[in-house]
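> In this text, residue positions in the sequence shown follow the working numbering: the first is 15, and each later residue adds one.
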Amino acid sequence: MNKQKLLTFIYKHPAKLSGMFIGLILSILFICIGMIKTVFIIFCIYLGFFFGNKIDNNENIIELLDKILPFGNNK
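Structure follows, in structure tokens:
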């Protein structure tokens, strides 16, 4: 397969390639460190994404944490 055909395939199917890459990484993690640790890593990545998205959208993190955590200032 030449370079142009490969680039065309990549541009036509980015979601398929991303899904395959994520599947490969997850399968390697499951095999190497186990299911519980892999799920914990995925959970931490999700939390990082969630709070990073809130910061990018200029939302107040303190107000969000006050709503979620039980000992926050419930107004």
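Beta carbons: idealized from backbone N, C-alpha and C, even for Gly. For clarity, every value in this text was computed on a predicted model and none was experimentally measured.
Check whether the Cβ atoms of residue 44 and residue 52 lie closer than 8 Å to each other.
yes
> Look up residue 77 in the DSSP assignment and say whether it is helix, strand or coil.
helix
> Just to confirm, are residue 83 and residue 68 a CB contact at a threshold of 8 Å?
no
> Are the CB atoms of residue 24 and residue 31 within a distance shorter than 8 Å?
yes
> Quick one: Cα of residue 49 to Cα of residue 42, how far?
11 Å
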